[in-house]
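Remarks on the structure that follows.
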DNA sequence: GTCTATAATAGGATAGAC
DNA sequence: GTCTATCCTATTATAGAC
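Chains as they are written, first to last, in our numbering: chain V, 1 to 190; chain R, 191 to 380.
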């Protein structure tokens, strides 16, 4: 049995790139095969359930990324302001300053939504809960924390859409900057 | 020559529905044929360029909708606050209270982006300019008006993404309400 | 303007050898 | 774990009759 050409983690990472760029329907096996360097047979060896398995793996990657780059920083020992700064810096990097899309958006569309809504929902809630927890720690009421957290995620996702529509990364970068000021303001007021 | 089964405007409207729901790649001729009640031959009679022509028609419908439901209300004779209220009410209806997606998002993805970026960009700018004009009329500086307009569109698009991801229309409805307060606040301060 | 039929291709998925 | 070959379906698009 031949050795794997790529470690499985690397396969998952490249899968993630294809799905975030082209969406569920646009992520054809031809593109996936090219991006990973793996033939169809190898792909089905890793993911016996085919494209659906791959999409679920992609959402798993997204959750892992969030856990490491959003949840963990928001629970670190640093000051509340510093934790927010770290999350925003990680978002900038993860979304390539606003030129990359978000799988939460892409896998919530069309028929993909029906198949993967559970996973998409869980992924967003992971993000929301981490923000809510931080805001409550800062003395904000639970209801208000939920509202602010939702608004933050709304702005990030919206900025990605508009930045793409205008081909202008500054829309994303500026939105994150305004978000930092808005979140800091809420926390200082609490 | 048989009479048309549907007026052309109605065909365009149904096309719009299919593309906004399934995206460019998900909008298969089978689905389009079903939604319009037209056979393939009739579709190619209306749109000789095939799917690309249809997608461009869809973006034309979007611009027409914006002109009527966003640009015109924002330039009406009513008070500034009333004009904003009207735009937001129209957005609620046009996006079915947050359960429908936006073609600006869907046609800016994957390979559709390469084909239709010009039209997508124009559509967003139509919206932005209408908002900027209103804000400048209220005494806000051009640079600031641009920032506020971008933030408004960012929030609407983001709210649609998150509302879909959570299957919760309230995310959209509440975001529009907060947007009204935010815009009114900016105007009152100017 | 619509119909039926069909071409031509691309898509997802599987079988069996090594 | 990877390869080559293959199957089947769905997809876009066209041709020609009415």
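C-beta atoms are modelled at their ideal positions from N, C-alpha and C, and glycine is treated no differently.
Could you tell me which chain R residues have their CB closer than 8 Å to the CB of residue i, listed as they occur along the chain?
i: residue 159 of chain V; result: 344, 348
i: residue 39 of chain V; result: What residue 39 of chain V touches in chain R: nothing, since even the nearest Cβ is about 23 Å away.
Mind checking which residues open and close the alpha helix (DSSP H) that includes residue i?
i: residue 209 of chain R; result: 198-216
i: residue 445 of chain R; result: Not covered by the structure: residue 445 of chain R. The range shown for chain R is 191 to 380.
i: residue 252 of chain R; result: 241-256
i: residue 233 of chain R; result: 230-236
i: residue 466 of chain R; result: Nothing about residue 466 of chain R can be reported from this structure: the residues present for chain R run from 191 to 380 only.
From residue i to residue j, what does the alpha carbon distance come to, in whole angstroms?
i: residue 99 of chain V; j: residue 162 of chain V; result: 10 Å
i: residue 261 of chain R; j: residue 57 of chain V; result: 43 Å
i: residue 168 of chain R; j: residue 219 of chain R; result: The shown model of chain R, from 191 to 380, leaves out residue 168 of chain R, and the question about it has no answer.
i: residue 19 of chain V; j: residue 27 of chain V; result: 6 Å
i: residue 204 of chain R; j: residue 5 of chain V; result: 47 Å
i: residue 112 of chain V; j: residue 128 of chain V; result: 22 Å
i: residue 277 of chain R; j: residue 259 of chain R; result: 6 Å
i: residue 292 of chain R; j: residue 378 of chain R; result: 30 Å
i: residue 197 of chain R; j: residue 356 of chain R; result: 37 Å
i: residue 334 of chain R; j: residue 186 of chain V; result: 22 Å
i: residue 95 of chain V; j: residue 177 of chain V; result: 15 Å
i: residue 132 of chain V; j: residue 66 of chain V; result: 15 Å
i: residue 191 of chain R; j: residue 235 of chain R; result: For residue 191 of chain R, the predicted structure reports a pLDDT of 49, less than 50, and the residue's modelled location is therefore unreliable. A value from the coordinates is still provided. Each residue's alpha carbon lies about 13 Å from the other.
i: residue 169 of chain V; j: residue 245 of chain R; result: 25 Å
i: residue 77 of chain V; j: residue 361 of chain R; result: 31 Å
List the residues of chain R that residue i touches, going by C-beta distances under 7 Å, in chain order.
i: residue 166 of chain V; result: 311, 314
i: residue 45 of chain V; result: Chain R residues near residue 45 of chain V: none, gap ~26 Å exceeds 7 Å.
i: residue 129 of chain V; result: Per Cβ cutoff of 7 Å: no residues; residue 129 of chain V is ~13 Å from chain R at best.
i: residue 95 of chain V; result: Simply none; closest approach about 13 Å.
i: residue 66 of chain V; result: What residue 66 of chain V touches in chain R: nothing, since even the nearest Cβ is about 13 Å away.
i: residue 88 of chain V; result: The contacting residues do not exist; residue 88 of chain V stays about 15 Å from chain R at best.
Could you list which residues in chain V have their beta carbon closer than 9 Å to that of residue i, in chain order?
i: residue 368 of chain R; result: 147, 151
i: residue 205 of chain R; result: Those do not exist, as residue 205 of chain R stays about 15 Å from chain V at its closest Cβ, beyond 9 Å.
Residue j and residue i - do their beta-carbons sit closer together than 8 Å?
i: residue 299 of chain R; j: residue 23 of chain V; result: yes
i: residue 150 of chain V; j: residue 74 of chain V; result: no
i: residue 123 of chain V; j: residue 155 of chain V; result: no
i: residue 373 of chain R; j: residue 274 of chain R; result: yes
i: residue 167 of chain R; j: residue 249 of chain R; result: With chain R running from 191 to 380 in the structure shown, residue 167 of chain R is simply not present.
i: residue 380 of chain R; j: residue 338 of chain R; result: no
i: residue 287 of chain R; j: residue 363 of chain R; result: yes
i: residue 297 of chain R; j: residue 253 of chain R; result: no
Below 9 Å on C-beta distance, what does residue i contact in chain R?
i: residue 59 of chain V; result: In chain order: nothing, as chain R lies at least about 11 Å away.
i: residue 69 of chain V; result: Correct list: empty, because the minimum Cβ distance to chain R is about 18 Å.
Identify the contact partners of residue i in chain V, using a Cβ-Cβ distance below 7 Å as the criterion.
i: residue 291 of chain R; result: 109
i: residue 216 of chain R; result: 25, 110, 111
Whose Cβ in chain V lies nearer than 8 Å to the Cβ of residue i?
i: residue 361 of chain R; result: 150, 154
i: residue 219 of chain R; result: Per Cβ cutoff of 8 Å: no residues; residue 219 of chain R is ~14 Å from chain V at best.
i: residue 296 of chain R; result: 109
i: residue 211 of chain R; result: 110
- Query: Along the chain, which unbroken stretches of the alpha helix (DSSP H) at least 4 residues long are found entirely within the segment 69-109 of chain V?
  - Reply: If one requires a minimum length of 4 residues, the alpha helix (DSSP H) runs lying completely within the segment 69-109 of chain V are 80-94, 103-106, in chain order.
- Message: Could you tell me which whole beta strand (DSSP E) segments of length 3 or greater appear in the segment 116-162 of chain V?
- Response: none
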